[in-house]
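*Asks:*
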Amino acid sequence: MIRLFNIEWIKLRKYKAFQILTALYFLIVVVVTSSGMFFLEYLKSKGAEFHGIDPTILPIYQFPYLWQHIVFVAARLKILLAFLIIMSITNEFTYKTMRQNIIDGLSRTEYVFSKLSMIFVLSLVNTLLVFIIGLVTGLIYSDNTSIEAIFGNIQYLGAFFMNVFAFLVFTMFLSILIRRTGVVIIFLGMYSVIIEPILTLILSNAPFVPPFYAKLVPFFPREAITNLIPNPFPQYILQQMQDHVAFSDVTIAGGEMLIFIGLIFLMLKRRQTV
Amino acid sequence: MERILEINSLYKNYGKIKAVQDLSLTVNAGSVFGLLGPNGSGKTTTLGIILDVVQKTGGTYSWFGEKPGNESRKKIGAILEGPSFYPYLSAEENLKVTAQIKNVSYERIDEVLKTVNLLDRKKDRFQSFSLGMKQRLAIASALLPDPYVLVLDEPTNGLDPQGIADVRSLIVKISGEGKTIILASHLLDEVQKVCTDFAVLNKGKNVYTGSVEEALSNKEIVEVKAHDKDNLIKLLKSCSFVTGFSENHQTVLVHMDHQKNAFDLNQYFVANGLVISHLATNKKNLEEQFLEILSQSS
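So the sequence lines, in the order shown, correspond to chains G and W.
If you count by the working numbering, then the first sequence holds residues 1 to 274, one letter each, in order.
If you count by the working numbering, then the second sequence holds residues 1 to 298, one letter each, in order.
1. Any beta carbon of chain W sitting closer than 9 angstroms to that of G/Tyr-95?
2. I'd like to check one pair, W/Gly-77 with W/Pro-145: are the Cβ atoms closer than 9 angstroms?
3. Quick one: which chain G residues come within Cβ less than 7 angstroms of W/Gln-55?
4. Measuring only the C-alpha atoms, how far is W/Phe-245 from W/Leu-10?
5. Look at the alpha carbon of W/Leu-265 and the alpha carbon of W/Leu-291, and state the distance between them as a whole number of angstroms.
6. Taking C-beta pairs closer than 7 angstroms, name the residues in chain G that W/Gly-48 reaches, listed in chain order.
7. With 9 angstroms set as the bound, which would you pick, yes or no: does the beta-carbon of G/Ser-117 sit closer than that to a beta-carbon of chain W?
8. Have a look at W/Lys-67 and W/Glu-6 and give me their C-alpha separation to the nearest angstrom.
9. Short of 9 angstroms Cβ to Cβ, which residues in the region 66-87 of chain W face chain G?
10. Pull up the distance between the alpha-carbon of G/Val-32 and that of G/Leu-43, whole angstroms please.
11. Would you kindly work out how many angstroms separate the C-alpha atoms of W/Gln-100 and G/Arg-3, rounded to a whole number?
12. Taking any Cβ of chain B, which residues in the region 103-115 of chain G have a Cβ under 7 angstroms from it, in chain order?
13. To which residues of the same chain is W/Tyr-208 closer than 7 angstroms at the C-beta, ignoring the five residues directly before and after it?
14. From G/Phe-93 to G/Lys-14, what distance separates their C-alpha atoms?
15. Quick check on the burial criterion: 16 or more other C-beta atoms within 10 angstroms. Buried or exposed for G/Glu-41?
16. Using only alpha-carbon positions, find the residue among W/Thr-281, W/Gly-15, W/Tyr-14, W/His-258 that is nearest to W/Val-252.
17. Would you say W/Glu-220 faces chain G, with C-beta separation under 9 angstroms as the test?
18. Please check the pair G/Thr-273 and W/Val-53, which I expect to be a contact at CB under 8 angstroms, by giving their CB distance rounded to whole angstroms.
19. Which complete alpha helix (DSSP H) runs does the region 92-164 of chain W hold, if anything under 4 residues is left out?
20. Among G/Met-37, G/Ile-194, G/Leu-174, which residue has its Cα nearest to the Cα of G/Met-257?
21. Distance check for G/Pro-55 and G/Ala-48, CA to CA, integer angstroms please.
22. For my contact list, G/Leu-216 and G/Leu-203 are in at a C-beta cut-off of 8 angstroms; report their separation, rounded to the angstrom.
23. Do W/Asn-157 and W/Ser-297 count as a contact pair if the criterion is CB distance below 9 angstroms?
24. Identify which residue in W/Ser-240, W/Val-222, W/Lys-234, W/Asp-189 has its Cα closest to the Cα of W/Leu-36.
25. With burial defined as no fewer than 16 other Cβ atoms inside 10 Å of the residue's Cβ, what is the status of G/Val-209: buried or exposed?
26. Show which residues of chain G have a CB atom less than 7 angstroms away from the CB atom of W/Leu-51.
27. Are G/Asn-231 and G/Ile-252 close, meaning C-beta to C-beta below 9 angstroms?
28. Beta-carbon of G/Ala-246 versus every beta-carbon of chain W: anything under 9 angstroms?
29. Does DSSP put W/Arg-3 in a helix, in a strand, or in coil?
30. Determine the direct distance from the alpha carbon of W/Leu-216 to that of W/Ser-169, and round the result to whole angstroms.
31. With 7 angstroms as the C-beta to C-beta threshold (strictly closer), list the residues of the region 97-117 of chain W near chain G in chain order.
32. Residues of chain G with CB under 7 angstroms from W/Glu-93, in chain order?
33. If contacts are defined as beta-carbon pairs under 8 angstroms, then W/Leu-152 and W/Leu-183 qualify, I think. What distance do you get, rounded to the angstrom?
34. So is W/Glu-2 buried or exposed if we call it buried at 16+ other beta carbons inside 10 Å?
35. Would you identify the three-state DSSP class for W/Gly-82, choosing helix, strand or coil?
36. Using the three-state DSSP reduction, which class does G/Gly-36 fall into: helix, strand or coil?
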C-alpha cells in the first residue's frame, strides 16, 4: 500500500497545480474556520442581531458544540480538493499515462488503490488540520475546557472525514466515467448545484409525485454525503436541527461509497481499451 | 531457442470491424522481431492486447512461457503509440514513477538516461523535450527494469533524420546486448536495417512470417539486357528455372528458382547462342518483398 501511495505521491508532489491547490485549500480552511469570532464581531459592528441577541455571544467555539460548527463550515470548502482529484485522474487519460502505468506492470486494482490511498491521506490530513484548528480555537474561546467537553462531540470529526472521503470517491468515479477534465468539473458543478437539488425537491415536494418517492431522497449521492454533517446553524434562528451524527446516515454514505468504488473497478475492468 | 512471446489464434473485433483475425506468431529470445503492415493492419491492436490495455475477443498469448499477468509486464519494457509521460514532471521524476511501478531501484535511472544520452537533461520537464528526446526517454523508461524484451511501437514516427538515426542506433546497440526486441513499424527500410525476423500483417491477419535474411537472400533478381531482345524474351519463356520476368524499358528483370543465380542464367544464354550486353544481380529489398506479400494476400 505504501508503494501505491508513493506512486501517486511522486506523480503529484512536483506538480504546480497540486501544490497551489492544496496550499490554497488548507489556507482557506484555516482562515475560514478560525475566523468565526471576527466574523461575528463584524456582524455586530454592522448592527446585526439574532432575535435581539448580540451575535458575539453565539457559542460557535464552545466545546463540545464547536466540532459540529467547524466541520460543517470546513465541509463546504472541499470543492477545491475535488478539482485536485479530477485533474489527477483526467490528466492520466489525456496524457495516456494510466495506460502506460498498466503497460509498465501496474494492475487496474493497484491503480485504483493508488488513487484511493491519496484520497484517504488527503481526507486524513484535512481532518487532522480541522481537529487542530478546533482544539486551538476552542482553547482560546471556549469557557469549558474539560476533557469531556473537548471530546464530547468528537464524532463529528469522523463524520467530516467520511464526508470528504466519500465526496472525493464520488468525484473519482465521475472522473473515470467521463475522462475529460472540463466536462467532469462542469458536470459535478451542475449535478451538485442544479440536478440533484431540483430532483430531490421534486421528489419530496411535488404534488404529482407519490409520497413513496420522498423516501429515496436520502439516497442521492450529494444528499447522502451532506447528511453526514447536519447543519448546526438553524438552532440560532430557533429552528429544529439534528444534533448528532445519525447511524443511518453513516450507513447510507458508507454503502454508497463502497458502491462507487465497486463501479470504478467495474468500469476499468470492462473497458475495451484503457 | 527460448520463447519470449507466443500468440495463438488471437482475435479482436471492434463491433463489426475485425481488427485482428486468427493471428499466431512466435518471438524467440535474442531476435529483433519486426511487425510490419500498412496502417490499420492491426499492429498496435495486437501489441495493445499482449500488453493488457486492449481486451481480446478470443485466442491466447503467453510471455516467457507463462500465463500473462502484472508480473510478466514488469519484465517487459514497452511503449505503445508514442511516449506517454507526465508533461509537468522532469525526466527523472517520470522515471521514478516507472521505477516504483516496476520495483526497480532509483539507481537505474541515471544508467538508462546515460544510455539514451539524456543524462544532462534529467532535471528538465518532459514538456520541454523535442519529439526525439521524448522518444528516447520512452526507450530509457522501457530499459529501466533491464527487461528481457522491449516492445516498441513505431519508435521513429515523426522524428527528423537525426532522431531516426539516433533511435535506430540505439535499437541496434540494445539488441547487441542480447535483448529481444519487438518492433512494430510501417517503415520497411527500418525493419530491413534492424530486424532479424519479421511478420507481415494485413487486415488483421498474419500473412507472412520469416527471417529477414531468408526473405532477402532467396529472392535474387537478375537484370539482363540484350540487343536481340525478342530472342531474349523467347529464351526466358522456354527456360526451365526462370519463374517469371518483367520488362522495364530496355532491361528485363528475371526471377529464378532459389538454387539458380546469374551464373546459371548466363550459361543458359551462352548455350543457346544469345549474347547479352548487361547482366547484374539485384538483391530484392524488403519493400518489394512486402508489396508482393501484400498483393498475394489480398
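Idealized CB from N, CA, C, for every residue including glycine.
These numbers were taken from a predicted model, which means no experiment stands behind them.
*Replies:* Checking against the coordinates, here is how it stands:
1. Taking the first residue of the first sequence as 1, we reach residue 95 of chain G at position 95. A Cβ of chain W is located within less than 9 angstroms of the beta carbon of G/Tyr-95.
2. To locate residue 145 of chain W, count along the second sequence from 1; it is residue 145. To locate residue 77 of chain W, count along the second sequence from 1; it is residue 77. With contacts defined by Cβ atoms closer than 9 angstroms, W/Pro-145 and W/Gly-77 form a contacting pair.
3. The sequence position of residue 55 of chain W within the second sequence is 55, counting from 1. Gln-272, listed in chain order.
4. Counting from one through the second sequence, the residue named residue 245 of chain W turns up at place 245. Counting from one through the second sequence, the residue named residue 10 of chain W turns up at place 10. Spanning the two alpha carbons is a distance of roughly 38 angstroms.
5. Within the second sequence, the letter at position 265 stands for residue 265 of chain W. Within the second sequence, the letter at position 291 stands for residue 291 of chain W. Cα to Cα, W/Leu-265 sits roughly 26 angstroms from W/Leu-291.
6. In the second sequence, residue 48 of chain W corresponds to position 48, counting from 1. By Cβ distance, chain G contributes Thr-273.
7. Locating residue 117 of chain G in the first sequence gives position 117, counting from the first residue. So no, G/Ser-117 is outside the interface.
8. Taking the second sequence and counting its residues from 1, the one referred to as residue 67 of chain W is at position 67. Taking the second sequence and counting its residues from 1, the one referred to as residue 6 of chain W is at position 6. Here the alpha carbon of W/Lys-67 sits roughly 11 angstroms from the alpha carbon of W/Glu-6.
9. So the close ones are Gly-69, Asn-70, Glu-71, Ser-72, Arg-73, Lys-74, Lys-75, Ile-76, Gly-77, Ala-78, Ile-79, Leu-80, Glu-81, Gly-82, Pro-83, Ser-84, Phe-85, Tyr-86, Pro-87.
10. What you label residue 32 of chain G is simply residue 32 of the first sequence in a count that begins at 1. What you label residue 43 of chain G is simply residue 43 of the first sequence in a count that begins at 1. Cα to Cα, the separation comes out at about 15 angstroms.
11. Looking up residue 100 of chain W in the second sequence gives position 100. Looking up residue 3 of chain G in the first sequence gives position 3. Taking the straight line joining both Cα atoms gives about 7 angstroms.
12. Although the question refers to chain B, the structure presented lacks it and instead comprises the protein chains G and W.
13. Against the second sequence, residue 208 of chain W aligns to sequence position 208. Cβ within range, chain order: Ala-199, Val-200, Ile-293.
14. Here residue 93 of chain G refers to the residue found at position 93 of the first sequence. Here residue 14 of chain G refers to the residue found at position 14 of the first sequence. Rounded to the nearest angstrom, the two C-alpha atoms are 19 angstroms apart.
15. Residue numbering aside, residue 41 of chain G sits at position 41 when the first sequence is read from its first letter. Exposed, since its Cβ has fewer than 16 Cβ neighbours within 10 Å.
16. Here residue 252 of chain W is taken as the residue at index 252 of the second sequence, counted from 1. Selected option, being the one with the closest Cα: W/Thr-281.
17. Sequence index remark: in the second sequence, residue 220 of chain W carries index 220 (1-based). Cβ-Cβ to chain G under 9 angstroms: no for W/Glu-220.
18. On the first sequence, position 273 is the one that residue 273 of chain G refers to. On the second sequence, position 53 is the one that residue 53 of chain W refers to. With a contact defined as Cβ atoms closer than 8 angstroms, G/Thr-273 and W/Val-53 qualify at about 6 angstroms.
19. You should have 107-115, 131-143.
20. Here residue 257 of chain G corresponds to residue number 257 of the first sequence, with the count starting at 1. When only C-alpha atoms are compared, the closest one is G/Leu-174.
21. Counting from 1 along the first sequence, the entry for residue 48 of chain G is found at position 48. Counting from 1 along the first sequence, the entry for residue 55 of chain G is found at position 55. Computed Cα separation, rounded: 7 angstroms.
22. Position 216 of the first sequence, counting from 1, holds the residue named residue 216 of chain G. Position 203 of the first sequence, counting from 1, holds the residue named residue 203 of chain G. About 6 angstroms separates the beta carbons of G/Leu-216 and G/Leu-203, which is inside the 8 angstroms limit, making them a contact pair.
23. In the second sequence, the residue the question calls residue 297 of chain W occupies position 297. In the second sequence, the residue the question calls residue 157 of chain W occupies position 157. Going by C-beta atoms, W/Ser-297 is not nearer than 9 angstroms to W/Asn-157.
24. Here residue 36 of chain W is taken as the residue at index 36 of the second sequence, counted from 1. Per the Cα distances, W/Asp-189.
25. Numbered from 1 along the first sequence, position 209 holds the residue referred to as residue 209 of chain G. Exposed: under 16 other Cβ atoms inside 10 Å.
26. Taking the second sequence and counting its residues from 1, the one referred to as residue 51 of chain W is at position 51. Neighbours of W/Leu-51 on chain G, chain order: Ile-103.
27. If you number the first sequence from 1, residue 231 of chain G lands on position 231. If you number the first sequence from 1, residue 252 of chain G lands on position 252. No. Outside cutoff.
28. Translated into positions along the first sequence, residue 246 of chain G becomes position 246. Contact of G/Ala-246 with chain W is not assigned, every C-beta pair being separated by 9 angstroms or more.
29. Translated into positions along the second sequence, residue 3 of chain W becomes position 3. DSSP places W/Arg-3 within a strand segment (E or B) once states are collapsed to three.
30. Start at 1 with the first residue of the second sequence, and residue 169 of chain W comes out as number 169. Start at 1 with the first residue of the second sequence, and residue 216 of chain W comes out as number 216. Spanning the alpha carbons of W/Ser-169 and W/Leu-216 requires a straight line of approximately 22 angstroms.
31. So the close ones are Val-97, Thr-98, Gln-100, Ile-101, Lys-102.
32. The residue given as residue 93 of chain W occupies position 93 in the second sequence. The contacting residues are Ile-10, Lys-14.
33. Stepping through the second sequence from its first residue, residue 152 of chain W is reached at position 152. Stepping through the second sequence from its first residue, residue 183 of chain W is reached at position 183. At roughly 5 angstroms, the Cβ-Cβ gap stays under 8 angstroms, so W/Leu-152 and W/Leu-183 are in contact.
34. In the second sequence, counting from the first residue as 1, residue 2 of chain W sits at position 2. The C-beta of W/Glu-2 has fewer than 16 other C-beta atoms within 10 Å across all chains shown, which makes the residue exposed.
35. To locate residue 82 of chain W, count along the second sequence from 1; it is residue 82. Of the three classes helix, strand and coil, the one that applies to W/Gly-82 here is coil, per DSSP.
36. Residue numbering aside, residue 36 of chain G sits at position 36 when the first sequence is read from its first letter. In this structure, G/Gly-36 counts as helix in the three-state DSSP scheme.
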